[in-house]
Amino acid sequence: MERNVTFLPSVQAYATVIRIVFGCGLDQKLNNFLVELVRKGDKGRGFSVMDLLKAVGEAEEEGKGSLLLLSRLSSALVKAYANLDMFDQAIDIFFQTSPLGCVPDIQALSFLMNRMIASGENNMAVATFMQIERLGLDADANTYVLVVQALCRNEDTKGVEKLLSRLLNSEPRKCSVFYMNFIEGLCLNQMAGIANLVLQPLRDANILVDKSDLGIAYRRVVRGLCNEMRIEEAKKAVLDMEELGIDPDVYFNSSIIEGYRKNLNISKLWIFLTKW
154 MERNVTFLPS VQAYATVIRI VFGCGLDQKL NNFLVELVRK GDKGRGFSVM
204 DLLKAVGEAE EEGKGSLLLL SRLSSALVKA YANLDMFDQA IDIFFQTSPL
254 GCVPDIQALS FLMNRMIASG ENNMAVATFM QIERLGLDAD ANTYVLVVQA
304 LCRNEDTKGV EKLLSRLLNS EPRKCSVFYM NFIEGLCLNQ MAGIANLVLQ
354 PLRDANILVD KSDLGIAYRR VVRGLCNEMR IEEAKKAVLD MEELGIDPDV
404 YFNSSIIEGY RKNLNISKLW IFLTKW
């Protein structure tokens, strides 16, 4: 009598495949592979994800290269879980790998938070950021934009104020490039009003002092406000900029004209053109 026997590949076999795929730079194929792997669950695989990470680590020589590979793998696993909306398991990866020194990178955290927000899990996105930040990850501008986005979707104005206050008073202080990227990210995600509010304290704290940087920041804010049809706020931002001795170029005026045009506000458009 024949019996149906299912033979599961060993964790070492999976570890070997993963090392080969990583070595060939086939990240997209690995992502698809890991999605199917985590979908099976521990019982379907015959081993846990942590068993897999340990097997990969043991197969590699100890040292910097090994930790780098494990960090890339843990980041890929977070994304695989996030793609399947298995958020709790994705969060666990950060804390399980922390003692091993191979925590997923900040891009993996941003990817996870993005998926949470897209699924309506705004509170979870904010809480995840707060928890994982304690592990010592240096959050980039994009990650902070996602936190603000989650707070805004929950209409948590106080939460936004607290986050911005903490960010602006952080030690060590973030560099101007960080805040330029932060402002750009806010404007690209329909939060130009918040970006506009950030400009004043950044000037007061002497973080944005270079006229070139300020001009670029104001240009992004004005463009963002106009895209959101907040034309009067955009005009006020231009006036603020002029008070700082920065002359608006044709880009600023074109943005306001385009905003009036989209809003079909012909009378205000005509007044603006006559003054220009």
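Our numbering applies: residue 154 is where the sequence shown begins, and numbers increase by one.
No residue lacks a Cβ here, since even glycine has one placed at the ideal position from N, Cα and C.
Bear in mind that the values here come from a model prediction, so they are computed numbers and not experimental data.
Point to revise | Q260 vs S228 beta-carbon contact at 8 Å | key: yes
Point to revise | Buried/exposed call for T310, threshold 16 Cβ in 10 Å | key: Here T310 is exposed, its C-beta having fewer than 16 other C-beta atoms within 10 Å.
Review point. What are the boundary residues of the alpha helix (DSSP H) that Q340 is part of?
Key: Going by the sequence as given, residue 340 is Cys instead of Gln. Per DSSP, C340 belongs to the alpha helix (DSSP H) from 329-341.
Point to revise | Whole-Å CB distance - Q302 paired with M269, under 8 Å assumed | key: Actually they are not in contact, since the Cβ atoms of Q302 and M269 sit about 11 Å apart, beyond 8 Å.
Check your understanding: In the structure shown, what three-state DSSP assignment does L317 receive?
Key -> helix
Point to revise | Backbone CA spacing between V202 and F282 [nearest angstrom] | key: 22 Å
Point to revise | Straight-line gap, Y234 to V391 (C-alpha atoms, nearest Å) | key: 45 Å
Review point. Can you give the Cα-Cα distance for D357 and A243, rounded to whole angstroms?
Key: Their backbone Cα atoms lie some 40 Å apart in a straight line.
**Study point:** Span of the alpha helix (DSSP H), counted from its first residue to its last, around P354
**Key:** 345-357
Review point. What's the call for G377, buried or exposed, on a 16-neighbour Cβ count within 10 Å?
Key: Burial call: buried.
Review point. According to the neighbour-count rule (16 or more other Cβ atoms, all chains shown, within 10 Å of its Cβ), is L205 buried or exposed?
Key: buried
Review point. Considering A278, what are the terminal residues of the alpha helix (DSSP H) in which it resides?
Key: 275-286
Practice item. Out of L350, D291, F335, state which residue places its alpha-carbon closest to the alpha-carbon of E324. Key: D291
Check your understanding: Should P257 be labelled buried (16 or more other beta-carbon atoms within 10 Å of its own) or exposed?
Key -> buried
Practice item. May I have the straight-line CA-CA distance separating L183 from E386, to the nearest angstrom? Key: 47 Å
Point to revise | Neighbourhood of G216 by C-beta, 7 Å cutoff - its chain only, sequence neighbours within 5 removed | key: Reliability fails at G216, whose pLDDT of 49 lies under 50, so the model's placement of it is uncertain and the value that follows must be treated cautiously. Excluding residues within five positions, none has a Cβ falling inside 7 Å.
Point to revise | Bounding residues of the alpha helix (DSSP H) (the contiguous stretch that carries G398) | key: First-last for G398: undefined, no H or E at that position.
Practice item. For A294, I'd like the list of residues in its chain whose CB is within less than 7 Å of its CB, leaving aside the five on either flank, ordered along the chain. Key: F331, N334, F335, G338
Practice item. With DSSP as the reference, label P162 as helix, strand or coil. Key: coil
Review point. Where P401 and A271 are concerned, what is the direct C-alpha to C-alpha distance, given to the nearest angstrom?
Key: 37 Å
Exercise for review: Using beta-carbon positions only, say whether I285 and F247 come within less than 8 Å of one another.
Suggested key: yes
Point to revise | R442 versus E396: straight-line alpha-carbon distance, rounded | key: Absent from the model: residue 442. The displayed extent of the chain is 154 to 429, so no value can be given.
Check your understanding: How is the alpha helix (DSSP H) around S323 delimited, first residue to last?
Key -> Careful: S323 lies outside any alpha helix (DSSP H) and carries neither H nor E.
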